[in-house]
């Protein structure tokens with residue numbers, strides 16, 4: 651959070667735009683998807699201080715984890731290429747096709763990919779497995795899946811400028827690990843409600859995960875609980891679970907893109923936006939636990955991930971399903 655850091659890992663101010671997809675809503679979307687061609691959205695935010703730590707501690711390699719269409723793997727590969735690190739990606743599933751658009755992009759950026767069984771992948775939190783990886787790959791900084799780390803939270807604190815700490819009544823973000831939401835809670839004032847739309851089935855766990863991340867900064871459970879009182883977790887817009895993309899969701903993404911010229915990814919931001927729009931279109935009255943009020947000052951964070959559309963479309967085309975219009 652100083653000039654030296656910003657000169658090594660610069661992040662420009664993202665554009666913001668209002669839109670009237672639901673005419674009654676007073677919403678602004680922050681286009682973090684436009685921050686970088688390859689390291690987009692919250693992936694750029696979460697990687698910033700992890701990459702800086704790797705530089706300061708003398709690591710020459712970034713090692714991380716992800717699935718077949720992982721935005722995080724793609725972003726880490728691009729960050730390594732841009733900032734001078736070797737990169738290694740541990741990929742979930744021995745059967746995964748390394749020629750899919752996401753992993754092909756990782757390889758093009760110089761990432762070494764290693765496919766492992768799902769049982770081995772699930773060991774990624776085990777200390778003995780981390781020790782094994784350290785022995786094999788030497789001076790690698792191990793980055794958790796999705797950048798779920800307190801240094802990732804540090805980067806997400808910067809999503810909203812300090813000068814706007816008390817400006818927004820509501821801030822809305824999609825979530826998979828809770829890292830971004832934790833950063834938003836730490837960077838907004840006591841009167842701001844932070845909404846996180848889970849992209850995973852059974853997303854109630856996010857509240858606990860976010861609390862654990864907050865504790866790394868506050869070191870006081872009462873203070874953590876006070877912050878969590880400002881958190882709303884919405885769990886019914888996962889469309890079948892993480893990575894699942896339905897015809898209904900594709901129809902919404904295409905309608906939204908045609909009317910606003912804003913592309914949404916189908917894994918995170920698209921599901922969140924569908925939930926927000928549904929809530930307002932079907933609302934029978936104000937409910938502070940369902941969605942932000944239509945006329946409240948609400949900032950929506952576009953977390954990027956558009957690179958994944960090519961892979962999703964390839965999979966849907968093979969199944970003769972409708973495709974997402976935005977092609978990048």
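Numbering (my numbering), first residue to last: 651 to 978.
Ideal placement from N, C-alpha and C gives every residue a C-beta, glycine not left out.
Item                                                                                                                              : Value
Short Cβ contact (7 Å threshold) for residue 818 with residue 843                                                                 : no
Cβ-based neighbour list, residue 761, same chain, cut-off 6 Å, excluding 5 preceding and 5 following                              : 727, 737 and 739
Segment limits, beta strand (DSSP E) that includes residue 686                                                                    : Careful: residue 686 lies outside any beta strand (DSSP E) and carries neither H nor E.
Buried or exposed by the 16-neighbour rule on C-beta atoms within 10 Å, applied to residue 785                                    : exposed
DSSP three-state assignment for residue 609, whether helix, strand or coil                                                        : Coverage of the chain is limited to positions 651 through 978, which leaves residue 609 absent and any answer about it impossible.
Sequence-distant residues of its chain with Cβ nearer than 6 Å to residue 670 (five each side left out)                           : none
heavy atom of the ligand PLP below 6 Å from residue 786 C-beta                                                                    : Only the bare structure without any ligand can be found here, which leaves the ligand PLP out of the picture.
Distance CB(residue 682)-CB(residue 660) smaller than 7 Å                                                                         : no
Nearest-angstrom Cα separation, counted from residue 771 out to residue 794                                                       : 12 Å
Straight-line Cα distance separating residue 902 from residue 886                                                                 : 16 Å
Chain-order list of residues whose beta-carbon lies under 8 Å from that of residue 651 (same chain, five-residue window excluded) : Any reading at residue 651 needs caution, since the residue's pLDDT is 48, under 50, leaving its predicted position unreliable; the model's value is listed next. For residue 651, where only same-chain residues beyond five positions count, the Cβ hits under 8 Å are 804 and 808.
For residue 952, the residue or residues it bridges with in DSSP                                                                  : 681
Outcome for residue 978 when other beta-carbon atoms lying within 10 angstroms are tallied against a minimum of 16                : exposed
Cα-Cα separation, residue 750 to residue 667                                                                                      : 33 Å
Those runs of the beta strand (DSSP E) which lie wholly inside the stretch 771-822 and span at least 3 residues                   : 790-792
Residues bridged to residue 869 (per DSSP)                                                                                        : Paired residue(s): none; residue 869 is not in a bridge.
Cβ-based burial, residue 695 [other Cβ within 10 Å; buried from 16]                                                               : buried
Under the three-state DSSP convention, the category residue 651 falls into                                                        : Because the pLDDT at residue 651 is just 48, under 50, the model does not fix this residue reliably, and the value given afterwards should be weighed accordingly. Correct three-state label for residue 651: coil.
Coarse secondary structure for residue 751, derived from DSSP in three states                                                     : helix
Proximity to residue 742 [Cα-Cα], best of 701, 732 and 753                                                                        : 753
Short Cβ contact (7 Å threshold) for residue 735 with residue 712                                                                 : yes
Segment limits, alpha helix (DSSP H) that includes residue 908                                                                    : 897-910
Per DSSP, the bridge partner or partners of residue 737                                                                           : 712
Option in 944, 680, 896 and 717 with minimal Cα separation from residue 824                                                       : 680
Cross-strand partners of residue 765 (DSSP beta bridge)                                                                           : 741
For residue 825, three-class secondary structure by DSSP                                                                          : strand
Residue 747, buried or exposed, once every other Cβ within 10 Å from all chains shown has been counted against 16                 : exposed
Identity of the residues DSSP links to residue 882 by a beta bridge                                                               : 845
Which of helix, strand or coil DSSP assigns to residue 945                                                                        : coil
Distance between residue 662 and residue 689 (C-alpha atoms, nearest Å)                                                           : 13 Å
Distance, residue 960 Cα to residue 972 Cα                                                                                        : 13 Å
Check whether residue 878 and residue 852 have beta carbons under 7 Å apart                                                       : no
Counted within 10 angstroms of its Cβ, other Cβ atoms place residue 775 as buried (16 or more) or exposed                         : exposed
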